[in-house]
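Trainee:
Number of protein chains: 2
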Amino acid sequence: MGRVSGQTDMEGSLAEVGLSIRARRLQLDISQEMLAHLANIDRSHMGRIERGERNVTLLNLLKISRALSCRPSELLQAAGL
Amino acid sequence: MGRVSGQTDMEGSLAEVGLSIRARRLQLDISQEMLAHLANIDRSHMGRIERGERNVTLLNLLKISRALSCRPSELLQAAGL
Numbered sequence: 370m371g372r373v374s375g376q377t378d379m380e381g382s383l384a385e386v387g388l389s390i391r392a393r394r395l396q397l398d399i400s401q402e403m404l405a406h407l408a409n410i411d412r413s414h415m416g417r418i419e420r421g422e423r424n425v426t427l428l429n430l431l432k433i434s435r436a437l438s439c440r441p442s443e444l445l446q447a448a449g450l
Numbered sequence: 370m371g372r373v374s375g376q377t378d379m380e381g382s383l384a385e386v387g388l389s390i391r392a393r394r395l396q397l398d399i400s401q402e403m404l405a406h407l408a409n410i411d412r413s414h415m416g417r418i419e420r421g422e423r424n425v426t427l428l429n430l431l432k433i434s435r436a437l438s439c440r441p442s443e444l445l446q447a448a449g450l
């Protein structure tokens with residue numbers, strides 16, 4: 370069974386999800402500010418999520434994915450998770 | 370574009386993810402206590418996540434999915450997300 374491979378690896382996953390959110394946002398050609406507005410998430414918090422600096426919660430991931438017209442599972446898959 | 374459909378709906382998603390974690394755990398025939406141990410998550414917190422009473426974070430979802438030998442995107446997909 371694959372076990373937890375350490376905190377650094379896990380935090381790398383946050384960065385990957387942030388990149389996946391950013392890629393989808395750029396695909397839709399909307400600004401980070403607009404995404405924050407659509408998802409009803411504080412703009413600076415949205416920036417930190419995209420940079421992988423915050424441990425995003427499932428509810429925020431749902432809000433972001435709805436604002437990006439995609440499924441949260443798709444955002445994770447795009448991040449290799 | 371699909372917009373946020375309200376907080377109740379979103380919280381229902383937490384319950385769906387909890388059920389999806391529980392289903393995978395039962396498939397592997399391990400107790401909730403063992404899952405909490407494998408994922409290094411407090412036992413009572415693990416219970417609340419399974420019951421959809423906590424807004425699980427991405428890092429905890431990663432820890433749980435690794436303990437369950439599956440991908441976090443699979444847990445979300447099984448929850449219809």
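So the sequence lines, in the order shown, correspond to chains A and B. Numbering-wise (this note's numbering), the first sequence opens with residue 370 and increments by one. Numbering-wise (this note's numbering), the second sequence opens with residue 370 and increments by one. Don't be surprised by glycine CBs; every beta carbon is placed ideally from N, CA and C. Quick caveat, the model's predicted, so the values are computed rather than measured.
1. B:SER349 touches chain A at which residues, Cβ-Cβ below 9 Å?
2. Is there a Cβ from chain C that is less than 8 Å from the Cβ of B:MET379?
3. How should B:ALA392 be labelled, buried or exposed, when 16 other C-beta atoms within 10 angstroms of its C-beta is the threshold for buried?
4. Taking buried to mean at least 16 other C-beta atoms within 10 Å of its own C-beta, is B:MET370 buried or exposed?
5. By the 9 Å beta-carbon criterion, what residues does the segment 424-437 of chain A contribute toward chain B?
6. With C-beta atoms as the reference, is A:ARG412 less than 8 Å away from A:GLU402?
7. Please check if any C-beta of chain B sits within less than 8 Å of the C-beta of A:SER400.
8. Can you check whether the CB of B:GLU385 is closer than 8 Å to the CB of B:LEU437?
9. Does the distance between the C-beta of B:ALA392 and the nearest non-hydrogen atom of the ligand PLP fall short of 7 Å?
10. Compare the C-alpha of A:ILE399 against each of A:LEU445, A:ILE433, A:LEU428, A:GLN446 and name the closest.
11. Following the continuous alpha helix (DSSP H) through B:ARG435, name the residue where it begins and the one where it ends.
12. I want to see whether chain A comes within less than 8 Å of B:GLN396, judged by CB atoms only; does it?
13. Report the rounded CA-to-CA distance for B:ALA408 versus A:GLN396, giving the unit in angstroms.
14. Interface residues of chain A around B:SER413 at Cβ under 8 Å?
Mentor: In short, the structure shows the following:
1. Look at the range of chain B in this structure, 370 to 450, and you will see that residue 349 of chain B is not part of it.
2. No chain C appears in this structure, whose protein chains are A and B.
3. Mapped onto the second sequence, residue 392 of chain B falls at position 23. So B:ALA392 counts as exposed.
4. One-based indexing of the second sequence puts residue 370 of chain B at position 1. Summary for B:MET370: the model assigns pLDDT 37, below 50, so the residue's position carries little reliability; its value from the coordinates is reported in the next sentence. Residue environment: B:MET370 is assigned as exposed (fewer than 16 neighbouring CB atoms within 10 Å of its CB, all protein chains considered).
5. Residues passing the 9 Å Cβ filter: ASN424, VAL425, THR426, LEU427, LEU428, ASN429, LEU430, LEU431, LYS432, SER434, ARG435, ALA436, LEU437.
6. Taking the first residue of the first sequence as position 1, residue 412 of chain A is located at position 43. Taking the first residue of the first sequence as position 1, residue 402 of chain A is located at position 33. Yes, they are a contact pair.
7. Taking the first residue of the first sequence as 1, we reach residue 400 of chain A at position 31. Judged by the 8 Å Cβ criterion, A:SER400 is not in contact with chain B.
8. Locating residue 437 of chain B in the second sequence gives position 68, counting from the first residue. Locating residue 385 of chain B in the second sequence gives position 16, counting from the first residue. For B:LEU437 and B:GLU385, no; Cβs fall outside 8 Å.
9. Among the components modelled here there is no ligand, and therefore nothing to report on the ligand PLP.
10. Position 30 of the first sequence holds residue 399 of chain A. For A:ILE399, the nearest C-alpha among the options comes from A:ILE433.
11. Position 66 of the second sequence, counted from the first residue, corresponds to residue 435 of chain B. Where B:ARG435 is concerned, the enclosing alpha helix (DSSP H) stretches over 427-436.
12. Taking the second sequence and counting its residues from 1, one reaches residue 396 of chain B at position 27. B:GLN396 does not count as touching chain A.
13. Residue 408 of chain B sits at position 39 when you count from the first residue of the second sequence. Residue 396 of chain A sits at position 27 when you count from the first residue of the first sequence. Looking at the two C-alpha atoms, the distance is approximately 35 Å.
14. For the purposes of this step, residue 413 of chain B is taken as the residue at position 44 of the second sequence. What B:SER413 touches in chain A, judged by beta-carbon distance under 8 Å, is nothing: the nearest beta carbon there is about 19 Å away.
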